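Visitor: Questions regarding the structure given below will be posed in turn.
Chains as they are written, first to last, in the numbering used here: chain Y, 3 to 249; chain Z, 3 to 249.
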């Protein structure tokens with residue numbers, strides 16, 4: 003059974019400040035919860051699950067410390083869920099731990115300049131994960147990685163893709179021996195570019211694109227050729243197309 | 003000034019049934035509103051705009067019938083807006099009119115099987131529009147084209163991409179002389195496939211994929227090769243990558 007202080011605590015985690023103080027984030031639904039419970043670099047702090055979910059995951063349930071599991075009914079789940087349609091199980095997890103710092107040499111990374119839509123950020127992480135990219139650098143203006151919407155749309159990739167929030171100009175200055183690919187509307191044709199093994203791919207804000215100082219640091223300016231009439235592509239779709247072609 | 007009956011009417015348009023009875027939809031924000039006002043196949047019924055927007059669009063304002071324009075302040079805009087952050091202007095438009103019926107021969111179309119997330123549907127339309135695809139076929143289970151979220155995420159492409167809701171098995175049966183490309187997790191490598199000039203590209207539901215009866219009708223089964231660990235790609239990102247490669 004759920005007690006009032008638990009409801010209050012979970013609701014408080016909608017605030018970035020409290021998530022940071024606690025070092026935790028919330029995830030929901032069987033698919034993501036199962037992935038996160040299986041991840042070696044993320045620890046579970048509290049699990050709130052329906053009888054139905056627990057019945058369907060008996061081995062998993064048995065492997066968990068009983069003190070961190072609370073059985074909830076669907077009404078109780080509604081009270082703590084951040085989803086429009088609550089989905090069987092909610093977990094509070096410690097933020098993922100990664101062994102080595104983010105680097106730029108000898109790998110491909112994605113640098114996001116002010117991606118503000120949380121759904122886009124999560125989808126970009128999932129997409130990076132699909133193409134084997136293990137690092138994403140976010141400008142400080144990007145949406146918070148551990149907000150409910152980012153976690154949900156990343157579909158578990160949050161445990162595999164390391165994200166560094168930093169000042170992007172300084173990051174590029176420090177890594178000025180690595181090629182920098184800027185995704186723009188007026189660059190050269192993406193499809194004329196060969197595959198790469200090393201480089202930082204910059205993707206810009208949903209409406210303003212990449213800030214001028216970062217465009218200036220691009221060693222290659224790439225464009226996805228337009229054949230129709232839309233003014234632009236969604237940032238996550240554009241990232242997917244670029245990664246699909248360059249990796 | 004806004005009157006109570008207007009607020010009630012606009013709010014009622016959050017319901018699909020009422021939008022259908024009226025033959026209208028709501029769009030918001032300067033970018034989309036400007037695109038829709040410029041579209042030759044969509045008529046404006048009512049416009050609710052702040053002084054600021056009207057001042058910045060004097061020629062456009064002068065071209066509109068004064069009877070359909072209501073000046074609102076930011077508090078009033080909040081009362082009628084479907085957005086978390088209301089954005090200067092809201093319009094009620096007649097649904098777009100298209101000259102010719104949807105066809106499958108001699109063109110590329112996208113068939114969506116049960117795309118339920120409205121953000122995904124809108125993003126797919128925008129993406130189709132970018133790649134010059136002018137037709138999208140939706141199974142009846144897809145999200146409603148004229149819901150606020152689909153309209154907003156399509157970013158104006160709703161005026162250029164013709165959408166037909168129909169029973170997809172029957173549609174494919176009727177058009178059985180056209181190649182059918184099914185996007186699957188276990189097909190052949192997308193990158194080994196040449197560009198196409200004609201065909202129906204099927205994209206499936208966010209969690210269940212394409213229904214078996216439609217997979218059976220696929221003449222080509224295509225997969226975006228996975229290099230990392232994500233279980234799947236977002237449906238809109240996958241559509242973007244496939245269109246980018248095949249068109």
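For each residue, glycine too, the CB sits at the ideal point set by N, CA and C.
It should be emphasised that the depicted structure is a prediction, and the values quoted were computed from it without experimental measurement.
Identify which residue in 192/Y, 147/Y, 99/Y, 97/Y has its Cα closest to the Cα of residue 120/Y.
Guide: Taking only the C-alpha atoms, the option nearest residue 120/Y is 147/Y.
Visitor: Consider the Cβ of residue 231/Y: report whether some Cβ of chain Z lies at a distance smaller than 8 Å.
Guide: Output row for residue 231/Y: interface = yes.
Visitor: Tell me, please, whether the region 113 to 130 of chain Y touches the region 138 to 152 of chain Y by the rule of three or more beta-carbon pairs shorter than 8 Å.
Guide: The answer is yes - the region 138 to 152 of chain Y touches the region 113 to 130 of chain Y, with three or more Cβ pairs under 8 Å.
Visitor: So, for residue 223/Z: in the same chain, excluding its five sequence neighbours on each side, which residues have a beta-carbon less than 6 Å away from its beta-carbon?
Guide: Within the same chain, residue 223/Z has close Cβ partners 184, 186, 189.
Visitor: Are residue 240/Z and residue 180/Z close, meaning C-beta to C-beta below 8 Å?
Guide: Against a cut-off of 8 Å, the Cβ pair of residue 180/Z and residue 240/Z comes out as no contact.
Visitor: Please identify, using Cβ separations under 8 Å, the residues of the region 109 to 129 of chain Z that lie next to chain Y, in order along the chain.
Guide: The residues in question are 121, 125, 128, 129.
Visitor: Give a yes or no on whether the minimum CB-CB distance between residue 238/Y and chain Z is below 8 Å.
Guide: Yes - at least one Cβ of chain Z is within 8 Å of the one on residue 238/Y.
Visitor: Relative to the C-alpha of residue 33/Y, which candidate in 98/Y, 158/Y, 178/Y, 64/Y has its C-alpha closest?
Guide: Taking only the C-alpha atoms, the option nearest residue 33/Y is 158/Y.
Visitor: So which residues of chain Y does residue 189/Z contact, with C-beta pairs closer than 7 Å?
Guide: In chain order: nothing, as chain Y lies at least about 15 Å away.
Visitor: Sort 51/Y, 78/Y, 177/Y by Cα distance to residue 70/Y and report the nearest one.
Guide: The shortest C-alpha separation from residue 70/Y is found at 51/Y.
Visitor: Determine the DSSP secondary structure at residue 152/Z, reduced to helix, strand or coil.
Guide: Of the three classes helix, strand and coil, the one that applies to residue 152/Z here is helix, per DSSP.
Visitor: Would you please verify whether the beta carbon of residue 52/Y is less than 8 Å from any beta carbon of chain Z?
Guide: So no, residue 52/Y is outside the interface.
Visitor: Using a Cβ-Cβ distance cut-off of 8 Å, determine whether residue 55/Z contacts chain Y.
Guide: Not closer than 8 Å to any Cβ of chain Y, the Cβ of residue 55/Z fails to qualify, so no.
Visitor: Using 10 angstroms around the beta-carbon of residue 22/Z, count the other beta-carbons present and answer buried if the total reaches 16, otherwise exposed.
Guide: By the neighbour-count rule (16 or more Cβ atoms within 10 Å), residue 22/Z is not buried but exposed.
Visitor: Once the 5 residues before and after residue 98/Y are set aside, which same chain residues still bring their CB inside 6 Å of it?
Guide: So the list reads 43, 44, 161, once near-sequence residues are dropped.
Visitor: According to the neighbour-count rule (16 or more other Cβ atoms, all chains shown, within 10 Å of its Cβ), is residue 86/Y buried or exposed?
Guide: So residue 86/Y ends up on the exposed side.
Visitor: Are any of the Cβ atoms in chain Z nearer than 8 Å to that of residue 198/Y?
Guide: Not one chain Z Cβ lies under 8 Å of residue 198/Y.
Visitor: Tell me, please, whether the CB atom of residue 242/Y is closer than 8 Å to any CB atom in chain Z?
Guide: So yes, residue 242/Y belongs to the interface.
Visitor: With a threshold of 8 Å, are at least 3 pairs of Cβ atoms found where one atom belongs to the region 227 to 244 of chain Z and the other to the region 209 to 218 of chain Y?
Guide: No contact exists between the region 227 to 244 of chain Z and the region 209 to 218 of chain Y.
Visitor: Using a beta-carbon distance below 8 Å, is residue 21/Y in contact with chain Z?
Guide: False, the Cβ-Cβ gap to chain Z never drops below 8 Å.
Visitor: From residue 175/Z to residue 89/Z, what does the alpha carbon distance come to, in whole angstroms?
Guide: Those two C-alpha atoms are separated by around 45 Å.
Visitor: Please check if any C-beta of chain Z sits within less than 8 Å of the C-beta of residue 133/Y.
Guide: Yes, residue 133/Y lies at the interface with chain Z (some Cβ there is under 8 Å from its Cβ).
Visitor: I want to see whether chain Z comes within less than 8 Å of residue 226/Y, judged by CB atoms only; does it?
Guide: True, the Cβ-Cβ gap to chain Z drops below 8 Å.
Visitor: Which term fits residue 5/Y, buried or exposed, when burial requires 16 or more other beta carbons within 10 angstroms of its beta carbon?
Guide: By the 10 Å Cβ count, residue 5/Y comes out exposed.
Visitor: Nearest-angstrom Cα distance between residue 233/Z and residue 127/Y?
Guide: Distance between the alpha carbons of residue 233/Z and residue 127/Y is about 12 Å.
Visitor: Whole angstroms are fine: how far does the CA of residue 8/Y sit from the CA of residue 48/Y?
Guide: Each residue's Cα considered, the two are about 10 Å apart.
Visitor: Say whether chain Z places a C-beta atom closer than 8 Å to the C-beta of residue 15/Y.
Guide: Judged by the 8 Å Cβ criterion, residue 15/Y is not in contact with chain Z.
Visitor: Measure the Cβ-Cβ separation of residue 226/Z and residue 155/Y and say whether it is below 8 Å.
Guide: No, they are not a contact pair.
Visitor: Strictly under 8 Å for the Cβ-Cβ distance: is residue 246/Z near chain Y by that measure?
Guide: Yes, residue 246/Z counts as interfacial toward chain Y.
Visitor: In the DSSP assignment, find the beta strand (DSSP E) that holds residue 111/Z and state where it starts and stops.
Guide: Counting along the chain, the beta strand (DSSP E) containing residue 111/Z begins and ends at 110 to 114.
Visitor: Taking all protein chains shown into account, do 16 or more other C-beta atoms lie within 10 angstroms of the C-beta of residue 131/Y, making it buried, or fewer, making it exposed?
Guide: Residue 131/Y is buried by the Cβ-count criterion.
Visitor: Check this for me: beta carbons of residue 138/Y and residue 165/Y, under 8 Å apart or not?
Guide: Cβ distance < 8 Å, so residue 138/Y and residue 165/Y count as in contact.
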